[in-house]
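Just below is one structure, and these are the notes that go with it.
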Amino acid sequence: MKSPPLGYVRAMDMPDVFRLRANAGPDARVLAGGQSLLPTLAFRLSDPGTLIDITRVDALRGIRLVADGALRVGALTTHAELGRDALVRVRVPVLADAVGLIAHPAIRNRGTIGGSLAYADPAAELPAVCVALDAVVIAVGPAGERRIAARDFLTGLFTTALAGDELIAAVEFRPMPGRRTVIHELARRSGDYAMAGIVLAAGPGTPTHDPRPVFFGVGDRPILATRAAACLAVGGAAALAAAQAALDGDLDPPSDQHGGPAFKRQLARVLLARAVNSLIDARDAR
Amino acid sequence: MSTSVDVTLSVNGERVARRVEARRHLVDFLRLDLGLTGTHTGCEHGVCGACTVRVDGVIVRGCLVLAASLDGATVETIEGLTESGEIADLQTAFVERNAAQCGFCTPAMLLTAADLLSAAARDGAVPSREAIREHIAGNYCRCTGYHAIVDAIETVATARAGKGRS
Ligand SMILES: Cc1cc2nc3c(=O)[nH]c(=O)nc-3n(C[C@H](O)[C@H](O)[C@H](O)COP(=O)(O)OP(=O)(O)OC[C@H]3O[C@@H](n4cnc5c(N)ncnc54)[C@H](O)[C@@H]3O)c2cc1C
Ligand code: FES
Ligand code: FES
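Protein sequence lines correspond, in order, to chains A and B. Residue 132 in this note's numbering sits at position 132 of the first sequence, and the numbers go up by one each step. Position in the second sequence (from 1) plus 286 gives the number in this note's numbering.
Here it is, written out as structure tokens:
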């Protein structure tokens with residue numbers, strides 16, 4: 001399967017991106033890692049006319065701490081870079097844990113966090129992590145920067161709050177001392193997109209403190225399960241069972257190639273138990 | 287907008303300058319423009335791994351990289367790795383363990399295995415069979431059932447670690 005005929009232009013800095021985009025017209029797409037865009041072209045699911053290669057734009061690179069102690073991860077950070085970065089391991093270790101669940105090494109070497117958020121696959125790991133950690137997406141356009149909470153950024157199936165002339169510049173994770181976050185998923189084969197997954201953040205202190213369970217692969221975007229969260233916060237022996245039951249009200253999973261709503265709900269209940277137990281185990285191990 | 291792009295890159299140590307169609311992926315570039323047919327295409331959308339090559343020192347899906355984006359890049363293919371002798375022990379082990387049958391997946395499997403082995407050498411560890419399986423999980427083989435491939439990689443990992451110590 002071959003891509004349709006394409007134009008290709010290479011941007012060297014941000015003004016270049018905006019200029020090339022304005023010239024190329026509304027269908028043009030930016031090319032980051034290409035690990036989602038190029039397959040859709042091979043399937044001829046899209047015909048963008050022109051690709052604007054942004055991978056040489058230095059302003060979109062790098063992982064660093066910014067003024068308020070937040071960790072700023074540049075949009076072009078590859079999954080592989082995220083997985084081995086020392087700052088990430090200390091500040092937001094769940095990002096590195098998530099990388100181990102994304103695709104395969106050869107794909108992780110090219111795919112980027114910005115591309116993952118912009119593509120907004122409902123079964124993708126990083127968007128769910130961003131929602132669970134209340135991360136902020138930094139969008140940049142000709143008019144300047146906008147800061148958008150991850151939960152507002154992901155607006156639906158493969159859709160985001162990004163305007164046509166905007167790019168994702170970076171994602172920021174604010175410091176959350178003492179908070180622990182785990183990620184679990186169920187996939188038929190290692191590296192496949194998940195049938196269902198969960199990111200659970202809680203703490204500081206006990207796993208019942210401000211729990212934030214976010215599910216992926218069971219809706220049109222990452223879903224914060226608020227009813228289940230309220231049950232977990234009550235604590236005690238019956239909390240998990242109550243939270244599992246409450247998921248029926250939180251989730252309304254559509255059928256997909258893996259199975260129907262009842263199947264997805266069962267996976268979500270199993271994942272919630274695994275996530276809660278691994279948070280408790282992590283606490284005991286300290 | 288241009289549908290053809292000039293690129294200059296290094297392929298297996300040789301400088302190559304070409305004008306490429308923008309939509310041409312790296313494997314078609316290698317096979318059709320350069321005559322390097324050791325790299326294969328199976329699915330051409332990222333799932334089978336048959337197209338694995340090295341770009342700037344790391345393995346990638348050749349079908350998911352545009353040749354046009356590779357100006358200034360360093361590309362290494364199975365031809366280059368064979369010539370340099372870097373994976374001679376791995377190739378011998380594949381033959382001895384019968385880890386290649388039809389051979390369609392083999393060049394990519396060797397590149398992926400070499401990637402794991404060099405990471406293991408950096409960490410000074412011999413990867414477990416589980417770690418080997420995990421690393422090659424994105425490379426499909428329709429013939430061997432993988433067992434012989436895991437055997438071959440494990441053999442070389444153990445042998446290389448032994449050499450490193452002595
Ligand atoms: C076989 C296979 C398995 C995979 N499995 C998984 C998996 O299990 N989990 C998972 O999460 N992902 C998976 N992926 C997808 C992978 O993670 C992609 O890398 C990622 O989804 C997109 O990142 P990219 O940099 O490759 O983006 P591209 O493919 O370059 O772009 C994707 C889209 O985002 C836009 N875009 C890219 N960067 C920006 C930016 N900075 N600002 C605005 N728009 C932008 C592009 O225009 C395009 O529309 C898989 C891919 C393959 C081929
Ligand atoms: S041909 Fe590239 S992954 Fe199948
Ligand atoms: S040896 Fe035939 S596909 Fe692997």
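Using N, Cα and C, we set each Cβ at its ideal position, and we do this for glycine too.
- The beta carbon of leucine 157 of chain A is closer than 8 Å to those of Ala120, Pro122, Asp220 and Arg221 in its chain, skipping five residues each way along the sequence.
- Under the 10 Å beta carbon count, methionine 195 of chain A is surrounded by 16 or more other beta carbons and is classified as buried.
- When DSSP states are grouped into helix, strand and coil, isoleucine 373 of chain B belongs to the coil group.
- With its beta carbon less than 9 Å from one in chain A, glycine 332 of chain B belongs to the interface.
- With the rule of 3 Cβ pairs closer than 8 Å, the segment 396-404 of chain B counts as touching the segment 431-447 of chain B.
- In this structure, glycine 69 of chain A sits away from leucine 6 of chain A, with a CB-CB distance that is not shorter than 9 Å.
- Inclusion of arginine 151 of chain A and aspartate 134 of chain A in the CB contact set at 9 Å is warranted, their separation being smaller than that value.
- Aspartate 47 of chain A and cysteine 329 of chain B have their alpha carbons spaced roughly 20 Å apart.
- In this model, phenylalanine 173 of chain A and proline 204 of chain A are separated by some 16 Å (Cα to Cα).
- Sequence-ordered contacts of the segment 108-128 of chain A with chain B read Asn109 and Arg110 [C-beta pairs closer than 7 Å].
- Between the alpha carbons of glycine 191 of chain A and serine 116 of chain A lies a distance of about 15 Å.
- Between the alpha carbons of leucine 76 of chain A and arginine 110 of chain A lies a gap of roughly 9 Å.
- A contact between stretches requires three or more CB pairs, one per stretch, nearer than 8 Å, and the segment 240-255 of chain A meets this requirement with the segment 265-285 of chain A.
- Listed by position in the chain, the residues whose beta carbon lies within less than 5 Å of some heavy atom of ligand 3 are B/Gln387, B/Cys388, B/Phe390, B/Cys391, B/Cys427, B/Arg428 and B/Cys429.
- Straight-line spacing of the CA atoms in glycine 235 of chain A and alanine 124 of chain A works out to 30 Å.
- Using beta-carbon distances, glycine 191 of chain A counts as an interface residue toward chain B, with a partner under 9 Å.
- The CB of serine 355 of chain B comes closer than 8 Å to the CB of Tyr8, Arg10, Leu31, Gly34, Asp53 and Thr55 in chain A, given here in chain order.
- Counted as a single uninterrupted DSSP element, the stretch harbouring leucine 352 of chain B is not any alpha helix (DSSP H), since DSSP gives it neither H nor E.
- Here the segment 321-341 of chain B makes no contact with the segment 375-385 of chain B; the two share fewer than three CB pairs at distances below 8 Å.
- For serine 290 of chain B, the enclosing beta strand (DSSP E) has its first and last residue at 290-297.
- Using a 10 angstroms sphere on the CB of cysteine 391 of chain B, the tally of other CB atoms reaches 16 or more, which defines it as buried.
- Annotated three-state conformation of tyrosine 193 of chain A is coil, per DSSP.
- Close to chain A, meaning a Cβ-Cβ distance shorter than 7 Å, are the following residues of the segment 298-310 of chain B: Ala308 and Arg309.
- Across the set A/Arg188, A/Leu38 and A/Ser278, the C-alpha of A/Leu38 shows the shortest separation from the C-alpha of isoleucine 52 of chain A.
- Contact of aspartate 401 of chain B with chain A is assigned, a C-beta pair being separated by under 9 Å.
- Neighbours of histidine 433 of chain B across chain A, judged by C-beta separation under 8 Å, do not exist; the nearest C-beta is about 17 Å away.
- Contact annotation: threonine 430 of chain B and alanine 385 of chain B have beta-carbon atoms nearer than 9 Å.
- Counting of Cβ neighbours within 10 angstroms places leucine 87 of chain A among the exposed residues, the total staying below 16.
- No heavy atom of ligand 1 is found nearer than 8 Å to the CB of proline 4 of chain A.
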